[in-house]
Amino acid sequence: METLYYNLQDPPQWDPQPEDLPSDSGAVLVMRHSVRYPMVAGQFGTQIELTPTGIERANDLGRTWGDRIQKVSSSSSFRCIKTGEQIILGAGLNATTLHNPPLGEPGAYINQSEKAIDTMKEQGPIELVNTLLRGDPLPGHIDAVEGSRIILQSFFSEHSPKGTIRIEVTHDTILATLIYHLRGLTSITEKDWPRMLEGALLWQEEEKICWKWRGDKGSRKLII
0 METLYYNLQD
10 PPQWDPQPED
20 LPSDSGAVLV
30 MRHSVRYPMV
40 AGQFGTQIEL
50 TPTGIERAND
60 LGRTWGDRIQ
70 KVSSSSSFRC
80 IKTGEQIILG
90 AGLNATTLHN
100 PPLGEPGAYI
110 NQSEKAIDTM
120 KEQGPIELVN
130 TLLRGDPLPG
140 HIDAVEGSRI
150 ILQSFFSEHS
160 PKGTIRIEVT
170 HDTILATLIY
180 HLRGLTSITE
190 KDWPRMLEGA
200 LLWQEEEKIC
210 WKWRGDKGSR
220 KLII
(Lines of atoms letter the chains of each structure in order from A and count residues from 1; the text may use other names and numbers.)
(Lines give C-alpha, C1' and ligand atoms only; values in the text may rest on other atoms or scores of the structure.)
Protein backbone atom coordinates (compact mmCIF):
# COMPACT_ATOMS: atom_id res chain seq x y z
CA MET A 1 0.00 0.00 0.00
CA GLU A 2 1.26 3.48 -0.92
CA THR A 3 2.57 5.45 2.06
CA LEU A 4 4.48 8.36 0.48
CA TYR A 5 2.40 11.43 1.34
CA TYR A 6 2.69 12.95 -2.13
CA ASN A 7 1.52 9.68 -3.75
CA LEU A 8 -1.55 9.09 -1.56
CA GLN A 9 -4.70 8.52 -3.59
CA ASP A 10 -7.24 9.16 -0.82
CA PRO A 11 -10.16 11.38 -1.84
CA PRO A 12 -9.87 15.06 -0.87
CA GLN A 13 -10.87 15.93 2.69
CA TRP A 14 -13.33 18.48 1.32
CA ASP A 15 -15.10 18.75 -2.04
CA PRO A 16 -16.18 22.33 -2.81
CA GLN A 17 -19.80 22.54 -3.95
CA PRO A 18 -21.75 25.34 -5.68
CA GLU A 19 -23.32 26.26 -2.33
CA ASP A 20 -19.82 27.10 -1.05
CA LEU A 21 -19.54 30.03 -3.46
CA PRO A 22 -19.72 33.56 -2.03
CA SER A 23 -23.17 35.15 -2.18
CA ASP A 24 -22.27 38.11 -4.40
CA SER A 25 -19.43 37.00 -6.68
CA GLY A 26 -17.82 34.07 -8.42
CA ALA A 27 -14.62 32.37 -7.30
CA VAL A 28 -11.46 30.65 -8.42
CA LEU A 29 -11.04 26.95 -7.63
CA VAL A 30 -7.29 26.32 -7.50
CA MET A 31 -6.51 22.65 -7.16
CA ARG A 32 -3.94 19.92 -7.44
CA HIS A 33 -4.18 17.69 -10.53
CA SER A 34 -6.22 14.49 -10.32
CA VAL A 35 -4.96 11.06 -9.26
CA ARG A 36 -1.80 9.98 -11.11
CA TYR A 37 0.26 6.83 -11.03
CA PRO A 38 2.73 6.73 -8.10
CA MET A 39 5.95 8.65 -8.48
CA VAL A 40 9.18 6.84 -7.60
CA ALA A 41 10.69 8.46 -4.49
CA GLY A 42 12.91 11.35 -5.54
CA GLN A 43 11.93 11.13 -9.21
CA PHE A 44 10.59 14.65 -9.59
CA GLY A 45 10.10 16.66 -12.78
CA THR A 46 8.69 13.70 -14.74
CA GLN A 47 5.52 13.35 -16.82
CA ILE A 48 3.14 10.83 -15.24
CA GLU A 49 -0.32 9.97 -16.54
CA LEU A 50 -3.61 9.99 -14.65
CA THR A 51 -5.02 6.68 -13.46
CA PRO A 52 -8.54 5.55 -14.47
CA THR A 53 -9.65 6.68 -10.99
CA GLY A 54 -8.06 10.07 -11.63
CA ILE A 55 -9.96 10.43 -14.90
CA GLU A 56 -13.23 9.41 -13.25
CA ARG A 57 -12.82 11.84 -10.33
CA ALA A 58 -12.04 14.73 -12.67
CA ASN A 59 -15.14 13.87 -14.73
CA ASP A 60 -17.23 13.84 -11.56
CA LEU A 61 -15.94 17.26 -10.56
CA GLY A 62 -16.91 18.61 -13.96
CA ARG A 63 -20.40 17.18 -13.62
CA THR A 64 -20.75 18.79 -10.18
CA TRP A 65 -20.03 22.28 -11.52
CA GLY A 66 -21.38 21.98 -15.07
CA ASP A 67 -21.98 25.27 -16.85
CA ARG A 68 -20.95 27.24 -13.77
CA ILE A 69 -17.39 26.73 -15.03
CA GLN A 70 -16.23 29.83 -16.90
CA LYS A 71 -12.91 28.41 -18.00
CA VAL A 72 -10.25 25.89 -17.01
CA SER A 73 -6.52 26.67 -16.94
CA SER A 74 -3.51 24.61 -15.93
CA SER A 75 0.26 24.32 -15.89
CA SER A 76 1.98 22.83 -18.94
CA SER A 77 2.35 19.45 -17.21
CA PHE A 78 0.53 16.60 -18.97
CA ARG A 79 -1.32 15.47 -15.83
CA CYS A 80 -2.60 18.99 -15.17
CA ILE A 81 -3.73 19.48 -18.77
CA LYS A 82 -5.41 16.05 -18.74
CA THR A 83 -7.18 16.90 -15.47
CA GLY A 84 -8.54 20.06 -17.07
CA GLU A 85 -9.68 18.16 -20.16
CA GLN A 86 -11.54 15.58 -18.07
CA ILE A 87 -13.22 18.28 -15.97
CA ILE A 88 -14.40 19.98 -19.17
CA LEU A 89 -15.62 16.65 -20.56
CA GLY A 90 -17.56 15.89 -17.38
CA ALA A 91 -19.12 19.36 -17.43
CA GLY A 92 -20.22 18.92 -21.04
CA LEU A 93 -18.54 22.14 -22.14
CA ASN A 94 -17.17 23.05 -25.56
CA ALA A 95 -13.82 24.36 -24.33
CA THR A 96 -10.13 23.56 -24.01
CA THR A 97 -7.70 23.73 -21.10
CA LEU A 98 -5.83 27.04 -21.24
CA HIS A 99 -2.22 27.51 -20.15
CA ASN A 100 -1.57 29.69 -17.08
CA PRO A 101 2.26 29.88 -16.69
CA PRO A 102 2.35 30.80 -12.95
CA LEU A 103 0.82 27.38 -12.16
CA GLY A 104 3.91 25.45 -13.26
CA GLU A 105 7.66 25.74 -13.70
CA PRO A 106 9.05 28.19 -14.42
CA GLY A 107 6.16 30.01 -12.79
CA ALA A 108 5.00 31.92 -9.73
CA TYR A 109 7.38 30.22 -7.29
CA ILE A 110 10.06 28.87 -9.66
CA ASN A 111 12.41 30.95 -11.80
CA GLN A 112 15.06 28.34 -12.67
CA SER A 113 13.58 24.92 -13.44
CA GLU A 114 16.74 22.80 -13.29
CA LYS A 115 17.86 24.29 -9.97
CA ALA A 116 14.33 23.92 -8.60
CA ILE A 117 14.22 20.20 -9.50
CA ASP A 118 17.64 19.66 -7.88
CA THR A 119 16.39 21.42 -4.74
CA MET A 120 13.26 19.25 -4.70
CA LYS A 121 15.40 16.10 -4.91
CA GLU A 122 17.65 17.30 -2.08
CA GLN A 123 14.94 18.50 0.31
CA GLY A 124 11.77 16.68 -0.67
CA PRO A 125 8.44 18.43 -1.31
CA ILE A 126 7.35 19.16 2.26
CA GLU A 127 10.67 20.62 3.43
CA LEU A 128 10.84 22.68 0.24
CA VAL A 129 7.42 24.18 1.00
CA ASN A 130 8.36 24.78 4.65
CA THR A 131 11.51 26.60 3.56
CA LEU A 132 9.41 28.89 1.36
CA LEU A 133 6.86 29.43 4.15
CA ARG A 134 9.65 30.44 6.56
CA GLY A 135 10.89 32.98 4.03
CA ASP A 136 14.32 31.38 3.68
CA PRO A 137 16.10 31.62 0.30
CA LEU A 138 15.83 28.54 -1.89
CA PRO A 139 17.84 27.85 -5.10
CA GLY A 140 15.72 28.12 -8.24
CA HIS A 141 12.75 29.60 -6.39
CA ILE A 142 10.93 32.90 -5.88
CA ASP A 143 9.99 33.74 -2.30
CA ALA A 144 6.46 32.94 -1.10
CA VAL A 145 5.38 36.58 -0.79
CA GLU A 146 6.25 37.51 -4.37
CA GLY A 147 5.22 34.15 -5.79
CA SER A 148 1.80 34.37 -4.16
CA ARG A 149 1.34 37.89 -5.51
CA ILE A 150 2.16 36.65 -9.03
CA ILE A 151 -0.21 33.69 -8.93
CA LEU A 152 -3.09 35.66 -7.37
CA GLN A 153 -2.65 38.40 -9.96
CA SER A 154 -3.09 35.77 -12.67
CA PHE A 155 -6.29 34.55 -10.99
CA PHE A 156 -7.91 37.94 -10.41
CA SER A 157 -6.94 39.77 -13.58
CA GLU A 158 -10.56 39.26 -14.63
CA HIS A 159 -13.84 39.13 -12.73
CA SER A 160 -15.84 35.94 -12.17
CA PRO A 161 -19.60 36.62 -12.37
CA LYS A 162 -21.78 35.60 -9.44
CA GLY A 163 -22.36 31.87 -9.24
CA THR A 164 -19.44 30.88 -11.49
CA ILE A 165 -15.94 29.50 -11.03
CA ARG A 166 -12.68 29.49 -12.94
CA ILE A 167 -10.69 26.32 -12.35
CA GLU A 168 -6.88 26.48 -12.08
CA VAL A 169 -5.06 23.12 -12.05
CA THR A 170 -1.59 23.01 -10.53
CA HIS A 171 0.78 20.89 -8.41
CA ASP A 172 0.91 19.99 -4.73
CA THR A 173 3.93 22.16 -3.84
CA ILE A 174 2.43 25.23 -5.52
CA LEU A 175 -1.01 24.79 -3.96
CA ALA A 176 0.51 24.11 -0.53
CA THR A 177 2.77 27.17 -0.68
CA LEU A 178 -0.09 29.44 -1.76
CA ILE A 179 -2.77 28.34 0.69
CA TYR A 180 -0.53 28.01 3.75
CA HIS A 181 1.20 31.32 3.00
CA LEU A 182 -2.22 32.98 2.87
CA ARG A 183 -3.04 31.36 6.21
CA GLY A 184 0.17 32.69 7.73
CA LEU A 185 1.74 29.32 8.56
CA THR A 186 5.51 28.81 8.60
CA SER A 187 5.47 25.01 8.85
CA ILE A 188 3.20 22.16 7.78
CA THR A 189 3.19 18.38 8.23
CA GLU A 190 2.13 15.48 6.05
CA LYS A 191 -1.49 15.69 7.23
CA ASP A 192 -1.66 19.19 5.73
CA TRP A 193 -0.43 18.04 2.31
CA PRO A 194 -2.93 18.60 -0.54
CA ARG A 195 -4.48 15.40 -1.85
CA MET A 196 -4.85 14.85 -5.57
CA LEU A 197 -7.82 16.85 -6.91
CA GLU A 198 -8.04 18.75 -3.61
CA GLY A 199 -8.59 22.47 -3.99
CA ALA A 200 -9.33 25.81 -2.39
CA LEU A 201 -11.95 28.38 -3.35
CA LEU A 202 -10.54 31.92 -3.59
CA TRP A 203 -12.36 35.21 -4.14
CA GLN A 204 -12.06 38.93 -3.45
CA GLU A 205 -14.13 41.01 -1.04
CA GLU A 206 -13.23 44.69 -1.27
CA GLU A 207 -9.60 44.89 -0.08
CA LYS A 208 -9.44 41.27 1.10
CA ILE A 209 -8.56 37.93 -0.42
CA CYS A 210 -10.89 35.25 0.96
CA TRP A 211 -10.67 31.49 0.81
CA LYS A 212 -12.23 28.20 1.79
CA TRP A 213 -9.81 25.33 2.36
CA ARG A 214 -10.94 21.99 3.76
CA GLY A 215 -14.21 23.66 4.69
CA ASP A 216 -12.65 26.44 6.76
CA LYS A 217 -13.01 30.05 5.68
CA GLY A 218 -10.32 32.70 6.07
CA SER A 219 -9.27 36.09 4.73
CA ARG A 220 -6.40 38.56 4.75
CA LYS A 221 -5.50 41.89 3.21
CA LEU A 222 -5.21 41.71 -0.56
CA ILE A 223 -1.59 41.27 -1.65
CA ILE A 224 -1.83 42.00 -5.39
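Quick note on numbering that gives the first Met the number 0: the sequence shown kicks off at 0 and runs consecutively. We put the CB at the ideal spot given by N, CA and C, even for glycine.
Here the region 147-164 makes no contact with the region 125-132; the two share fewer than three CB pairs at distances below 8 Å. With respect to the C-alpha of I187, the residue from D23, A143, T130, Q203 having the closest C-alpha is T130.
Per DSSP, T130 is one residue of the alpha helix (DSSP H) stretching across 124-133. By the criterion of a C-beta distance shorter than 6 Å, T82 is surrounded in its chain by H32, S33, A57, V168, once the five residues flanking it on both sides are discounted. DSSP places Q203 in the strand class (E or B) of the three-state scheme. Going by DSSP, V29 is part of no alpha helix (DSSP H) but of the beta strand (DSSP E) stretching over 26-31.
Counting only runs of 3+ residues, the beta strand (DSSP E) found wholly inside the region 159-203 occupies 164-169, in chain order. Assignment of Q69 by DSSP, reduced to helix, strand and coil, places it in the strand class. A direct Cα-to-Cα measurement between V39 and E18 gives close to 38 Å. A distance below 6 Å between beta-carbons, with the five flanking residues on each side excluded, links W13 to the following residues of its chain, in chain order: R213, G214. Around the beta carbon of G106, 16 or more other beta carbons sit within 10 angstroms, so the residue counts as buried. Taking C-beta atoms as the reference points, G146 and V29 fail to come closer than 7 Å.
Annotation note: the region 35-116 contains the following uninterrupted alpha helix (DSSP H) runs of length 4 or greater, listed N- to C-terminal: 51-64, 77-90.
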